[in-house]
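Reviewing the structure listed below.
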Amino acid sequence: MAPSWSSLSPSNQRYQLVGRLPEEAGHAVNCLTINEQGNLLASGSDYGLKIWDLKRLVEVPSSVHQHAFRDPVSAAMWITRKDDTSQTLCFGTGLGYLIFWHQSTKSNPMQFKELVVKRVGTGCEITCMTCDMTVGTGV
3 MAPSWSSLSP
13 SNQRYQLVGR
23 LPEEAGHAVN
33 CLTINEQGNL
43 LASGSDYGLK
53 IWDLKRLVEV
63 PSSVHQHAFR
73 DPVSAAMWIT
83 RKDDTSQTLC
93 FGTGLGYLIF
103 WHQSTKSNPM
113 QFKELVVKRV
123 GTGCEITCMT
133 CDMTVGTGV
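Numbering (this note's numbering), first residue to last: 3 to 141.
Following this line, the structure appears as structure tokens:
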């Protein structure tokens, strides 16, 4: 099934279906996040994380090393630091891992590299995240 998306039409302020995410072997999508520019969507499921190009309505081929364990992705968010125009995708898993993927090159913004994979605390599920970028330049 081809991916599809919904959008808000400014003329009538109503949503319209313009696409649909493909089913992942009957498993639900656990979380969604759209980047600040509105051109990338990340979807987390029981089978990992996928990035979608919202302009072309296709999945971005993964060049990132997917960690060996098949841990459900339960929370995700995009981060853009004030001192950097590239983006970082941060996501948490059901076993308490916190993972950061960063855009690897500005010439190819659809490529990401894995920066950090760290288990937080005793490994309880990460259910939500937030980041305040108004203070400092780091994450």
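In this text, a Cβ means the ideal position worked out from N, Cα and C, and glycines have one as well. The structure presented is a predicted model; accordingly, all values stated were derived computationally and were not measured.
Residue i: which of the options sits nearest, CA to CA?
i	options	result
P63	K120, D48, K84, A44	A44
T35	G94, H29, V20	G94
L23	Q39, R16, S47, T129	S47
V122	C133, C92, L100, H104	L100
M131	C92, S106, K115	C92
N110	D134, T87, E38, I81	T87
For the beta strand (DSSP E) holding residue i, just list the boundary residues, first then last.
i	result
M79	75-81
H104	99-105
N32	31-36
From the DSSP secondary-structure annotation, give me the bridge partner or partners of residue i.
i	result
V2	Outside the shown range of the chain, which is 3 to 141, sits residue 2, and nothing can be said about it.
V118	F102
G46	C33, L51
Three-state secondary structure (DSSP) at residue i?
i	result
C126	coil
D134	coil
With a threshold of 7 Å, establish whether the CB of residue i neighbours any heavy atom of the ligand FAD.
i	result
G125	Only the bare structure without any ligand can be found here, which leaves the ligand FAD out of the picture.
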